[in-house]
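What follows is one structure encoded as structure tokens, with my remarks underneath.
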Amino acid sequence: MYPGSSFAMDPGEAGAHGVWIIELERGHLVAPRLVAISPVRYETLTVDLGGVTDEGEFQSVIVSALRSAGQTALTEFSERHLSVVAIRLKLVGRCAAHSAVAGWVDRVRDEIGDFPVGSVVLHIDEVTSEVRPPVELELLARVNDPVGETARLLIALDVPSLTPPYSDLVHRTARDLETIQKHAGYANLMATEQVEMVDQSTETAARKLLINEGWRLLSALLAQREAI
Amino acid sequence: MSTESSVSHSPLHISRVGIDRLDGISDRFELKTLCPGINLIFGPNACGKSRTATALQALIWPDTVPARAELSGHLATKNDAWLVTCGSQGRAYERNGSIVEPPNLSGIPSLQRDRYLLSLHDLLSSESQDLANIIQRESAGGYDINLAREKSGIGGTPPRAQSAKAKSAYQRARAQTKTFRDADLRLQAEERRLLALRQQLDDAVAAAQMEQLLTAALEYVAAKERLRESVESRAAFPDPIGQMSGDEFTRTERIRSKVDELSTERRDAERAISSAISRLDKTGYGSQIPPEETLPALRARLGLLVERQAALRNAEDSVLTQRTLSMKARERLGATIDDTQIMALDESGIRKLAELKREFESVRLTAETQAELQSWIGPLQPVPDLAPLRRGIELLSSRLRTPGKESAHPPSGTLKVTLLLAAMVIVIEAIVLAATTSPLFAAMVALAIPVIAVAFRQVQPEARHLASELEREYQALGLEQVSDTSSNSLIADLDRLRERLAEAEVDHAKAGRWANLANRRQEAEEKSGALVERIHQVVDELGVAIAEDPDSVRLIADALEKWRHSTDERLKAESIVISAREKISQSLGQMNATFSLYGIDDAIDHLEASAKIDELERRIVEAKIARSEVQKYEDIIESRIDPEMRTQQQEIESLLSSLGLLPGDHSTLQDLCERVPACKDAQRKVEQNEVLAKSMLARLDGVLELSACARPELESRLAEARHLSGSQTELQATIIRIEQSVNTAKTSSNLEAAVADEAVAFEALSQSRARDWEKVAGWNLSEFVQSQSRDKSRPPVFRKARDLFTDFTAGSFRLEIDEGVKPSFRAVETSSGRGVGLDQLSSGTRVQLLMAVRLAFIEEMESGHQLPLILDEILGNTDDLRASAIIDATIEICRLGRQVIYFTAQHD
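Taken in order, these protein sequences are the chains called Z and Y. To convert a position in the first sequence, counted from 1, into the working numbering, add 29. To convert a position in the second sequence, counted from 1, into the working numbering, add 9.
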């Protein structure tokens, strides 16, 4: 058993960190017991915004999720040493107000700040939004308009084997990503990361980015229709 | 769906819509018999036309039914008739009377339903905005990709790496970190040097401590040498001296002096004993002191003797007194009776004379008493008869109680009122008492009322007759007649009669007393005569020549009695005198016997006996004092002086013996004592040196091996330690200087903050790259979507729009389109072949072009039926030319088979 670091060092080390107590009873190993002594704990909190219609409801959902996460951190293993829980908030789900979520996130971070739960404080470290509009891509894809094209693109990107012209789009995007990565301005990142992205991994990243950007464009287009 | 798909592009029209409930519409209503062509629906503003349009579209796209709405409608296609019901229970579809699953009547998402709703606002945009852009947007279903791209943060131009700012910040942070890191390296070097210097300082401090230990070790060695020398010096003294305190000789001298004092004291005690024995011998009681009870016994006897002496004197005085009384009684007898006669009178004779005297006194006293009583009663009066008086009083009393003639009439009004008031008071009191205390009082009311009634009626007529009888009987008694028969007169007469009766009863009592007193005086006179007779008889019997009158006999008897009494008393006193003298003699004899026993001469009377007793007491006291002194001094000698002398001598002998000296060897003791101080000094030095050596040894705690080292080795190691510790001050100064410089460097450098800043800058750079990636991906994607839309959907829309535009303008215009990334449009007047720009078209033609593009997109989009087009007041506030164009276009749309529903608030 590798106990790992007894203290959580960065957001990549999520979960409880501490020491493992191992006892032997008559030559037999008793189940090891983790005593979490790390004062900091990193957690990724996924919040489903499905059904959220306004900002008040959004704040209520976020606060409830944070409180629940705090209680879990307190009750899981030993809470005696824990003082801070750094939260990476991941927003998912289908929400009619998808276009307003970004603004809500900025305001909720300002208003909540550090969120106390019992003896620990929850700090929102990062927020990523994968909130999607409540649409059926297949239905949208039937129409020959930008929304239909975007919907068809998203459907295609979700399929492992790509065909033209979607594969061309991914290749082209992967090349552009690589170009940016190798840009002189980001040379320091390359030197520090010491990681060379191979084509496959770049294409994977490109596909992921295209999916995210596709949803973002779709949201923006639908927002135009909702604004009419 | 499958059935409907087979008949694509056939029109679908709404024939009826019923609105039971819909927000914005107050009353339920129904639009019946909508035709497949143009339907004009008129209604004033705010009557719910827009909501009705929503309801119409909800029949086609059920997922857009507003909340809480209840709708129904009939739709018609070429082959089917549909009934659509939407409400709180959900949606229901019937096709030709059969319930079916919800179909997709439109074939396009509800999102696109706004394409079927054309408002005046849409048409006016053709005049206020760039028509080419509007045409492009309309051809793209109303979407503006460029605008969406800008809203998504991608921007309007192909993105490039935007790293300059983040890179610059990162490089600055990195340079700052490097500067601080170099400084930190220097700091670390200084700290390492500091560590070494501190080690050297620790060594120097340890050497200094070792120097102290070595110095202590050397002092310990010196102390041990001094201890050895003092032990040797102490050993030169013989053993006994070590045990001595030095004052032993002084103590023995003091003891010897004490022994001498005790010897002197013993001699004084012996002399006191001799003196006491001498005084004891002088008392005569040297061998034995009279017992304690001797003196009390003598004093008791002396007291008895004194009493007897007093009794003797009293008896002698009594003899003399009785003798005088006897002589006086004899003198009273006088010559009427000589001594021979007196002596001849025996005891009984004198007693008889005395009895006669007492009887005579009694008779005389009785006579005097009766005379006094007779004088008090007074002369005897005639006694009246008491019986008539008593009968008269009875008659008058009866007459007073009996009503006579003067009262034989009904009771007066006053009496009546009095009786009635009395009766009412009694009744009220009875009721009150019955209510408050007991119901028994209620019964009293019942009894009281008849009693009062009887009393009220009591006056009888026959009472007058009884009164007359009483008056006649009274007159017959012969008493004083009554003045009249009124009550007051009767009462006055009755009182007079009672007074007369009282006076008559007193007279009767006096008469009784008189009769009794006369009898008693007669008895007294008879007794007096009998007594004279007896006197004569007694005188004769006694044969003495005394006058025989009672007074003489009484005087003789009295004198004889006193003479006889005094003579008897004198004889008794003389007998007592004799007895007392014998007892006095007896007491003196007993006392003198005791006196003789203890060497005291005889006493002749009680005074002398008292003096002898005092002398005996004095001698006894002296003997006791002397014997006590002897005992006391003997006790002093035995219990204190002798034991103490023995103790002191034993102490001297014990002391000498403990020092190994012979008894009495005081000179040797004195010599040893003189050497004790020197020995003590030597001993004290030994002890001091021992303490010193121990304390020195204690200072070597932890390095006890130093105590075993020899002086040369210690001196050598001390020199070495001194050399090492000598650099301590310099090292401390150097350390302080370096510490100060390190602290200064630490406060002026904040490597941690710089590293954190670098991390933040790095993260910012990383995020900048992520944003660039997102922008590139977003740009590529939007370009892709735009190109796909342009290539796939726009050309057919444009072609259809061109045809429709020609139709709408009745062939007056033809639309020429130069398709490209940014298409351009030009209208050509068919009659002249002249081409004009869009901005040169009339407003009506522009509207017709806009409607053509909108309809073209719809038709290109529709994969199922032709759906109804809803026009919302598109003719309002428009000129005739444009209105005519709109109407023409609408008619053309309808002609092509599409149902048109036109809402307007204009009745004309």
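We treat Cβ as the ideally placed atom computed from N, Cα and C, and that holds for glycine.
Span of the alpha helix (DSSP H), counted from its first residue to its last, around aspartate 504 of chain Y: First-last of the alpha helix (DSSP H) with aspartate 504 of chain Y: 496-551.
Inter-residue CB distance, leucine 709 of chain Y and alanine 225 of chain Y (contact presumed, cutoff 8 Å): 6 Å
So tyrosine 215 of chain Z is in the beta strand (DSSP E); what residue range does that whole segment cover? Where tyrosine 215 of chain Z is concerned, there is no enclosing beta strand (DSSP E), given that its DSSP letter is neither H nor E.
Which one of Y/Glu767, Y/Val515, Y/Leu210 has the shortest CA to CA distance from glutamine 185 of chain Y? Comparing Cα-Cα distances from glutamine 185 of chain Y to each of Y/Glu767, Y/Val515, Y/Leu210, the minimum goes to Y/Glu767.
Rounded to whole angstroms, how far is the Cβ of leucine 890 of chain Y from the Cβ of serine 841 of chain Y, which I believe are closer than 8 Å? Not quite, the Cβ-Cβ distance comes to about 19 Å (not below 8 Å), so this is no contact.
Take every Cβ of the stretch 50-65 of chain Y, pair it with every Cβ of the stretch 25-33 of chain Y, and state whether three or more of those distances are shorter than 8 Å. yes
Does any residue of chain Y have a CB that is nearer than 8 Å to the CB of proline 175 of chain Z? yes
By Cβ distance below 8 Å, which residues in the same chain neighbour aspartate 228 of chain Z in space, the five residues on each side in sequence not counted? Residue confidence for aspartate 228 of chain Z is low, a pLDDT of 45 falling below 50, so the modelled location carries little weight and cannot support an answer.
Taking its Cβ as the centre, do 16 or more other Cβ atoms sit within 10 Å of phenylalanine 793 of chain Y, making it buried, or is it exposed? buried
Between glutamate 783 of chain Y and chain Z, is the shortest Cβ-Cβ distance under 8 Å, so that the two count as touching? At least one chain Z Cβ lies under 8 Å of glutamate 783 of chain Y.
With a 10 Å radius around its C-beta and 16 neighbouring C-beta atoms as the bar for buried, classify alanine 235 of chain Z as buried or exposed. buried
Quick one: grab the DSSP three-state call for threonine 815 of chain Y. helix
In terms of alpha-carbon separation, which member of Y/Ser716, Y/Glu471, Y/Glu631, Y/Ile359 lies closest to valine 553 of chain Y? Of Y/Ser716, Y/Glu471, Y/Glu631, Y/Ile359, the smallest CA-CA separation from valine 553 of chain Y is found for Y/Ile359.
Find the nearest neighbour of serine 81 of chain Y within the set Y/Asn323, Y/Glu103, Y/Ser119, judged by alpha-carbon distance. With distances taken between Cα atoms, serine 81 of chain Y lies closest to Y/Glu103.
According to the Cβ coordinates, are leucine 884 of chain Y and leucine 858 of chain Y closer than 8 Å? no
At 4 residues or longer, what runs of the alpha helix (DSSP H) sit wholly inside the stretch 74-142 of chain Z? 84-104, 130-141
Specify the secondary structure class of glutamate 403 of chain Y as computed by DSSP and reduced to three states. helix
Fully enclosed by the stretch 866-903 of chain Y, which beta strand (DSSP E) runs are 3 residues long or longer? 878-881
Residues sharing a beta bridge with tryptophan 91 of chain Y, DSSP: Y/Leu84, Y/Arg104
Return the CA-CA distance between glutamine 138 of chain Y and aspartate 827 of chain Y, expressed in angstroms with no decimal places. 20 Å
From the DSSP output, which residues share a beta bridge with isoleucine 28 of chain Y? According to DSSP, isoleucine 28 of chain Y bridges with Y/Phe38, Y/Leu80.
So, helix, strand or coil for serine 272 of chain Y, using DSSP? helix
When Z/His57, Z/Ser112, Z/Ala98, Z/Glu84 are compared against alanine 65 of chain Z, the one with the closest alpha-carbon: Z/Ser112
In whole angstroms, what separates the C-alpha of alanine 754 of chain Y from that of glutamine 737 of chain Y? 25 Å
Give, in chain order, every residue of the stretch 202-214 of chain Z whose Cβ lies closer than 9 Å to some Cβ of chain Y. Thr202, Asp205, Leu206, Thr208, Ile209, Gln210, His212, Ala213, Gly214
Taking three-plus beta-carbon pairs below 8 Å as touching, is the stretch 680-692 of chain Y in contact with the stretch 227-247 of chain Y? yes
Proximity to isoleucine 609 of chain Y [Cα-Cα], best of Y/Arg628, Y/Ile593, Y/Ser596: Y/Arg628
Between the Cα of glutamine 318 of chain Y and the Cα atoms of Y/Gln145, Y/Arg590, Y/Trp788, Y/Glu381, which residue gives the shortest distance? Y/Arg590
Taking C-beta pairs closer than 8 Å, name the residues in chain Y that leucine 198 of chain Z reaches, listed in chain order. In chain order: Asn789, Leu790, Phe793.
Under 7 Å from the C-beta of leucine 111 of chain Y: neighbouring residues of chain Z: Residue identity differs from the one stated: residue 111 of chain Y is proline in this sequence, not leucine. Here the premise fails: no neighbours, minimum Cβ distance about 14 Å.
How long is the line joining the alpha carbons of valine 845 of chain Y and serine 148 of chain Y, rounded to whole angstroms? The straight-line gap from Cα to Cα measures roughly 21 Å.
So with CB distances below 9 Å, who are the chain Z contacts of arginine 778 of chain Y? Ile209, Gln210, His212, Gly214, Tyr215, Leu218
Check whether the stretch 285-293 of chain Y touches the stretch 625-640 of chain Y, counting contact only when three or more Cβ pairs, one atom from each stretch, lie closer than 8 Å. Pairwise C-beta distances place the stretch 285-293 of chain Y in contact with the stretch 625-640 of chain Y, as three or more of them are shorter than 8 Å.
Given a cut-off of 8 Å on the beta-carbon distance, is the pair leucine 405 of chain Y and leucine 503 of chain Y in contact? Yes, Cβ-Cβ distance for leucine 405 of chain Y and leucine 503 of chain Y is below 8 Å.
Counted within 10 angstroms of its Cβ, other Cβ atoms place lysine 366 of chain Y as buried (16 or more) or exposed: buried
Report the neighbours of serine 716 of chain Y on chain Z: residues whose CB is nearer than 7 Å to its CB, in chain order. Correct list: empty, because the minimum Cβ distance to chain Z is about 51 Å.
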